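Colleague:
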Amino acid sequence: MSSLFAPLSAAEIADLVHWRRCLHQEPELSLEEYDTQAWLLATLNALGALGVRKVGGTGLALHFGRGETDRTLLLRADMDALPIDEQTGLDFASRRPGYMHACGHDGHMACLLAVTRRLIAHGHEIAGHVVVAFQPGEEGGRGAVKMIEDGLLDGRWLDGRGPKVDAAYGLHLWSPLPVGVVSCAPGPTMAAVDDFTVVVRGRGGHGALPHTADDAIVAAAHVVVALQSIASRRADPLEPVVVTIGSFHGGSAFNVIAEEVVLRGTARSYGKAVGESLPKWLTQIAKSTAEAHGATAEVEYQRYTVALRNDPEMADRIARVAKATPGVTSVDRTLRMMAGEDMAFFLEAVPGCYFFVGCGGPHAEPHHSPRFLVDEAALTVGSDVMLNAVAEFFGE
Ligand SMILES: [Zn+2]
Ligand SMILES: [Zn+2]
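For this note's numbering, count along the sequence shown from 1 and bump the result up by 497.
This is the structure we're talking about:
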């Protein structure tokens, strides 16, 4: 290991792959990452890390640098897995039936460990500060918010003596992109995530006498269709919006008119104004459509995560760094999607970039699939880009 920022050596790559496989075998759900936290802590300690703290419940944070300047960069990896029964047939497949690292977060932790190992040996060469964070609960656990509440960004996590974070980087392995492609679009790249429940109430009755009842199923079916007009008729056509009903439950028998239907769904958006309008539009349409069919609608609406916005200058820095990283064959500046990501909470607080690292092999499967695979060559690309990004940030 010659310097802080040289590409990973063959021995380091072997450890990187080994770490990812260890983590892959022991997946844990959001905010239940106790064994993952313990494994990371033991591995970091074995690598010689000092002062690792538990932050955000099952998360970890540590800190490097001489602190001659205040410039502080946060590096973040998420830790959680999903309630999916793995079907990859890999010899290092999940040992926990019903749980799987099917989003690549095992790889994110391994990459950040490889970067952290360099910081353990060479962190004193950095004039400012680097805060390394292993974040729990990305898949719906709001783990980023928990870490922020524990003071990760303002220094409270280190008894008030921690540096104040002023920039952040993170990466996501991305199987739709082949290995060698890195993507860092400027501006919003991932959506704000809202979730909602609509309870449609009618008046039950005999299936053969619909005129004596108010059919909640017919009313709810109209509500589902009417909600699709939010994206097509209410939102500015230049603003991406998705409204999806993911579950529709009601009724008990073939000859009984249902009294109640419960709809659950999600809405996605990028823009602040359009996002703030969504609860109002959805409630208005659900209530008045239900009423038009003799029923009522009660709406519960939660804004879950904010949209993820890459700071244009920080995204440009990642693009420059990635182009100069061996193993990177092309840099994409356009990839955007309506999936959500709670790295968004860090990037709402400080400028930064969350970039995608292609991990799709010849048999690429989508994220969250029970057959999801990571081409492990992507782990080296991700680690090397991250190391170079740290170097560039501190002007090395
Ligand atoms: Zn995921
Ligand atoms: Zn993910």
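Where a beta carbon is used, it is the ideal one built from N, C-alpha and C, also for glycine.
Here the structure is a predicted model, which means the values were calculated and not measured.
#1: Is any non-hydrogen atom of ligand 2 found closer than 7 Å to the C-beta of E530, if you look at the structure I gave you?
#2: Using the three-state DSSP reduction, which class does K777 fall into: helix, strand or coil?
#3: In angstroms, rounded to a whole number, what distance separates the CA positions of R653 and D588?
#4: For the alpha helix (DSSP H) containing M644, list its first residue and its last residue.
#5: Looking only at its own chain, which residues have a Cβ that is under 6 Å from the Cβ of P504, when we skip the five neighbours before and after it?
#6: Return the CA-CA distance between M883 and L526, expressed in angstroms with no decimal places.
#7: So, E845 versus M687, is the Cβ gap smaller than 8 Å?
#8: Just curious, the alpha helix (DSSP H) that V487 is in, first and last residue?
#9: Is V696 near E795, with beta carbons less than 8 Å apart?
#10: Mapping DSSP to helix, strand and coil, what is P504?
#11: Pop quiz: H626 and G562 are said to be a contact at Cβ under 8 Å. What is the actual Cβ separation, rounded to whole angstroms?
#12: Under a three-way DSSP split, which group does L870 fall into?
#13: Do the CB positions of H719 and T763 come within less than 8 Å of each other?
#14: What number of angstroms, rounded off, separates the C-alpha of V739 from the C-alpha of V690?
#15: Hey, is E636 close to ligand 1, as in C-beta under 7 Å from one of its heavy atoms?
#16: Taking G896 as the reference, give the member of A821, W516, M835 with the closest Cα.
#17: Tell me where the beta strand (DSSP E) around C850 begins and ends.
#18: Taking only the alpha-carbon atoms, compute the straight-line gap between V552 and L649 and give it to the nearest angstrom.
#19: Is any heavy atom of ligand 1 found at a distance shorter than 7 Å from the C-beta of H746?
#20: Tell me where the beta strand (DSSP E) around E795 begins and ends.
#21: I'd like the list of long-range same chain contacts for F502, defined as Cβ closer than 8 Å, with 5 residues on each side in sequence excluded.
#22: Is any heavy atom of ligand 2 found at a distance shorter than 7 Å from the C-beta of H669?
#23: F842 and A641 look like a contact to me (Cβ under 8 Å); what is the Cβ gap, rounded to whole Å?
#24: If you run the structure through DSSP and keep just helix, strand and coil, what is L655?
Modeller: Quick answer:
#1: No - ligand 2 has no heavy atom lying nearer than 7 Å to the Cβ of E530.
#2: Three-state DSSP puts K777 in a helix.
#3: C-alpha separation (whole angstroms): 42 Å.
#4: DSSP places M644 in the uninterrupted alpha helix (DSSP H) bounded by 640 to 646.
#5: Same-chain partners within the cutoff: P823, D881.
#6: Just so you know, the alpha carbons of M883 and L526 end up roughly 26 Å apart.
#7: No, the Cβ-Cβ distance between E845 and M687 is not below 8 Å.
#8: Because the chain in this structure spans residues 498 to 893, residue 487 falls outside the shown range and cannot be described.
#9: Taking a C-beta distance under 8 Å as the contact criterion, V696 and E795 qualify as a contact pair.
#10: Residue state, collapsed to three classes: coil.
#11: With a contact defined as Cβ atoms closer than 8 Å, H626 and G562 qualify at about 4 Å.
#12: Looking at L870 - three-state DSSP - the assignment turns out to be coil, as it is neither helix nor strand.
#13: Not closer than 8 Å, so no.
#14: One C-alpha to the other measures close to 10 Å.
#15: Checking every heavy atom of ligand 1 against the Cβ of E636, one is found closer than 7 Å.
#16: Because the chain is modelled from 498 through 893, residue 896 falls outside the range shown and cannot be assessed.
#17: Counting along the chain, the beta strand (DSSP E) containing C850 begins and ends at 849 to 857.
#18: Cα-Cα distance, rounded: 8 Å.
#19: H746: no, Cβ never under 7 Å from ligand 1.
#20: Segment 793 to 802, the beta strand (DSSP E) holding E795.
#21: For F502, same chain residues with a beta-carbon under 8 Å away, outside a window of 5 residues either side, are R615, L884, N885, V887, A888, E893 in chain order.
#22: Residue side-chain check: H669 places its Cβ nearer than 7 Å to a non-hydrogen atom of ligand 2.
#23: In this structure F842 is in contact with A641, their Cβ atoms being roughly 4 Å apart against a cut-off of 8 Å.
#24: DSSP places L655 in the helix class (H, G or I) of the three-state scheme.
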